[in-house]
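Participant:
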DNA sequence: AAGTAAGCGAGACGGTACGTCCAGTCTTGGT
DNA sequence: ACCAAGACTGGACGTACCGTCTCGCTTACTT
């Protein structure tokens, strides 16, 4: 029989208030102007309650912002038409990443990941890896590609969309993602 | 006739010491553990001398680390063989970005760019834009591509190489860049 | 008939453990480094159990340390020889107050009394007043002094012994108390 | 030639503001409710400026409050009449110690001295020792007493006045000091 | 003997203050 | 005139305890 981790009586109300305060402050002020004191004050919570459950600001912010990415549907839809599915999906990805809080969250998480290996790993596990896998497996299944080629194609699509968005922000247009996806699909399907 | 910016009476010795100290500290401790006081102490310089010439830590670090990227040769070589040139170039890029200080510098600058628009613009102007243009113009010139397609292809190559390196660090292998480049060239050249 | 305070259902084991822990910590670390959390931990008791029965740290410490003074015999012995009795008694007082825990306790209680009127009153009632009365009544009874003179003489003996001990600590020698007592007795008995 | 301690450029304005704030807060709230943060805020000073020059709250408070005692005239006047001089002096001492800020300061310093050896030594050097010496030397010079007897008599007068004041506060009346002084002088002068 | 409520240990909670680090500004003295 | 040195105000850090507040568990007193 398995013993569950001690749940250690923890106030759900405080946890939720800390999450909400952190999300708000991170999105409106950015990561490096986010202070634990401000979060505590906004959440109506003692600082120690934050330090009791999170080891560092980086982990707190990652916990909060990754929640959104975790609940995002990153899988390529399957209507039977590989090209249409991938194009639609890449446009949707571009639209998500240039819209509202996802945009800001992604930049904050990327910044944090550059300096903290643990955040890097979590961001990858929650965002980079799922989208990569999603394309890769679809390309293998329906495009008849071998694993290595599918991997490289996925690199190109993911990086080709995400990297310009990180660099140029919300000016990125979905049409740019569509064109890129077409080129890669053309390159990958020997006619 | 253009008058060069008045250099005022500025101590070149101090400037160089500050650059050296900043580079060393940034590379060994990371951006957010880099303090102006530590730089001043290591450079044997008063804090005011730093504040006199740089408005913020972000700008100082960008000045210092971008120097390296500025002196990097990012242009695609031209041997006449487009495919060979691009493949060689993408491998070289991958190799540079996973080696030594470039790797660390790129991560620091990217992190800084995520939070600071000015750094973002400078990084783009010094790194992202030149490599993108370099590929794009070559594809237009020798591949016979139209501007829009060449732009999308450049997105795919640059993002496809740089984004995984940012995420997975120095495990990235040049062969991965080569395969990706081949796919895109295949997709872009109507056979 | 007086009804004693309901003792409620109070754990004698906990009370004793708290007393012991408080005494040990007070004597070894001093009053202002004594924390309720440390007492609770050392006594193996919840903090609430302390707060349930004592309103403040000052009261707890006073309760604990005054116990010792309460059990001290502070009355002047009566062998019929007033001079010998008072001298012996003042030497004994000096010896007690410079020995072992009494010394430390007296300093802690005095410090606490300086800042807290309630402790001041209790220390006075348990220590200052009894020794003062003890001398005063003896001087009135056997020395034939009027109340006012006896009071002043008691001031001189008590203050003359206790004050230097508080100030100079355990270097005080009983001979000093003896000489002082002799002088006062001389001054008080018009021959 | 002696080199004076480096005076280390220090802001006199800040020093004075810290002194004033500390004195006010100590006298109105007592030692243990005095916080460094409150002093800094009231003085309009960064906390670091306090920590830069004083190692602890106890030392700061001692510095500030002892200033008053240092400027107090504690010497026994000399009109030629030993009895009148000592009586007047003891009444004046009682009056000072039961009046205004001296009363509060003495209690705070005494409390602090009980827990901190360094403060104890300074309080003794600034207050206890000078008054003791003042009486003692006068008794030796004009009363014809030997050193040991004069020492004991000084113990009696100082302790006999100060100790009740510490214990019973401002209810102490100068007449009580006068009577006590008379008794001791009587005891000390062989008629 | 069972039921119940007070006392208990544990420790999370909102807070206050600690003593430290650094930011960015200001001042002094030396070269 | 510029610079190194470093003191200044101020904000945030992460820690220690405060006194209050549940939470289940144990225990002694009903009835």
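Protein chains in written order, with our numbering: chain A, 1 to 191; chain B, 192 to 382; chain C, 383 to 573; chain D, 574 to 764.
We put the beta carbon where it would ideally sit given N, CA and C, even for glycine.
Quantities reported herein were computed from a predicted structural model and do not represent experimental measurements.
Flag residue 489 of chain C as yes if its beta-carbon sits less than 7 Å from any beta-carbon of chain D, otherwise no.
Facilitator: yes
Participant: Report the rounded CA-to-CA distance for residue 313 of chain B versus residue 255 of chain B, giving the unit in angstroms.
Facilitator: 12 Å
Participant: Do you know how far the Cα of residue 352 of chain B is from the Cα of residue 287 of chain B?
Facilitator: 11 Å
Participant: Quick one: list the residues of chain D neighbouring residue 531 of chain C, beta-carbon separation under 8 Å, in chain order.
Facilitator: Chain D residues near residue 531 of chain C: 752, 756.
Participant: With 16 other CB atoms within 10 Å as the buried threshold, where does residue 624 of chain D fall?
Facilitator: exposed
Participant: My understanding is that residue 399 of chain C touches residue 426 of chain C, with C-beta atoms under 8 Å, so please give their C-beta distance in whole angstroms.
Facilitator: 6 Å
Participant: So with Cβ pairs under 7 Å, would you call residue 496 of chain C a contact of chain D?
Facilitator: yes
Participant: Thinking just about the alpha-carbon of each residue, which of D:631, D:730, D:664 is nearest to the one in residue 608 of chain D?
Facilitator: D:631
Participant: Give the C-beta separation of residue 682 of chain D and residue 635 of chain D to the nearest angstrom, bearing in mind that I take them to be a contact with Cβ-Cβ under 8 Å.
Facilitator: 7 Å
Participant: Count Cβ pairs between the region 729 to 747 of chain D and the region 659 to 677 of chain D that sit closer than 8 Å; are there 3 or more?
Facilitator: Counting Cβ pairs under 8 Å, three or more are found: they touch.
Participant: Note down, in chain order, each residue of its chain lying with its Cβ closer than 7 Å to the Cβ of residue 656 of chain D, except the 5 sequence neighbours on either side.
Facilitator: If you ignore the 5 residues before and after residue 656 of chain D, its C-beta comes within less than 7 Å of the C-beta of 758, all in its own chain and listed in chain order.
Participant: Please check if any C-beta of chain B sits within less than 7 Å of the C-beta of residue 146 of chain A.
Facilitator: No, residue 146 of chain A does not count as interfacial toward chain B.
Participant: Relative to the C-alpha of residue 304 of chain B, which residue among B:257, B:321, B:373 is closest?
Facilitator: B:257
Participant: According to the Cβ coordinates, are residue 167 of chain A and residue 98 of chain A closer than 7 Å?
Facilitator: no
Participant: Consult DSSP for residue 262 of chain B and reduce its assignment to one of helix, strand or coil.
Facilitator: Under the three-state reduction of DSSP, residue 262 of chain B is assigned to coil, being neither helix nor strand.
Participant: Using a Cβ-Cβ cut-off of 6 Å (strictly less than) and excluding sequence neighbours within five positions of residue 387 of chain C, which residues of its own chain qualify?
Facilitator: The predicted position of residue 387 of chain C is uncertain, since its pLDDT is 46 and thus under 50; no value can be drawn from it.
Participant: I'd like to know whether the C-beta of residue 584 of chain D is nearer than 7 Å to at least one C-beta of chain C.
Facilitator: no
Participant: If distances are taken between C-alpha atoms only, which option among B:237, B:222, B:341 comes closest to residue 197 of chain A?
Facilitator: Given a span of 1 to 191 for chain A in the structure shown, any question on residue 197 of chain A remains unanswerable.
Participant: CA-CA distance, residue 583 of chain D and residue 698 of chain D?
Facilitator: 27 Å
Participant: Kindly list, in the order they appear in chain C, the residues whose Cβ is closer than 7 Å to that of residue 595 of chain D.
Facilitator: What residue 595 of chain D touches in chain C: nothing, since even the nearest Cβ is about 16 Å away.
Participant: Looking at the structure shown, is residue 583 of chain D part of a helix, part of a strand, or coil, going by DSSP?
Facilitator: coil
Participant: Could you check which residue in A:78, A:165, A:19, A:115 has the C-alpha nearest to that of residue 137 of chain A?
Facilitator: A:78
Participant: Cβ atoms of residue 647 of chain D and residue 703 of chain D: under 7 Å apart, would you say?
Facilitator: Contact: yes.
Participant: When you compare the CB positions of residue 713 of chain D and residue 414 of chain C, do they come within less than 7 Å of one another, or not?
Facilitator: no
Participant: Which bits of chain A does residue 302 of chain B rub up against, with CB to CB less than 9 Å?
Facilitator: For a Cβ distance threshold of 9 Å, residue set 110, 111, 112, 113, 114, 115 of chain A lies close to residue 302 of chain B, ordered along the chain.
Participant: Count the other CB atoms within 10 Å of the CB of residue 29 of chain A; is the residue buried (16 or more) or exposed (fewer)?
Facilitator: exposed
Participant: Nearest-angstrom Cα distance between residue 371 of chain B and residue 152 of chain A?
Facilitator: If I take the Cα positions, the gap works out to 5 Å.
Participant: How big is the Cα-Cα spacing for residue 720 of chain D and residue 468 of chain C?
Facilitator: 23 Å
Participant: To the nearest angstrom, how far is it from the Cα of residue 335 of chain B to the Cα of residue 302 of chain B?
Facilitator: 37 Å
Participant: Is the distance from the Cβ of residue 428 of chain C to the Cβ of residue 760 of chain D below 7 Å?
Facilitator: No, these two residues do not count as a Cβ contact at 7 Å.
Participant: Starting from residue 697 of chain D, find everything on chain C with Cβ-Cβ shorter than 8 Å and list it in chain order.
Facilitator: Going along chain C in sequence order, the residues near residue 697 of chain D (Cβ under 8 Å) are 549, 550.
Participant: If the cut is a Cβ gap below 7 Å, which residues of chain A does residue 222 of chain B touch?
Facilitator: The contact set of residue 222 of chain B on chain A, defined by CB atoms closer than 7 Å, consists of 115 in chain order.
Participant: Would you kindly work out how many angstroms separate the C-alpha atoms of residue 488 of chain C and residue 597 of chain D, rounded to a whole number?
Facilitator: Looking at the two C-alpha atoms, the distance is approximately 29 Å.
Participant: Once you ignore the five residues that flank residue 189 of chain A on each side, which residues in its own chain have a CB closer than 7 Å to its CB?
Facilitator: 143
Participant: Just how far apart, CA to CA, sit residue 81 of chain A and residue 155 of chain A?
Facilitator: 21 Å
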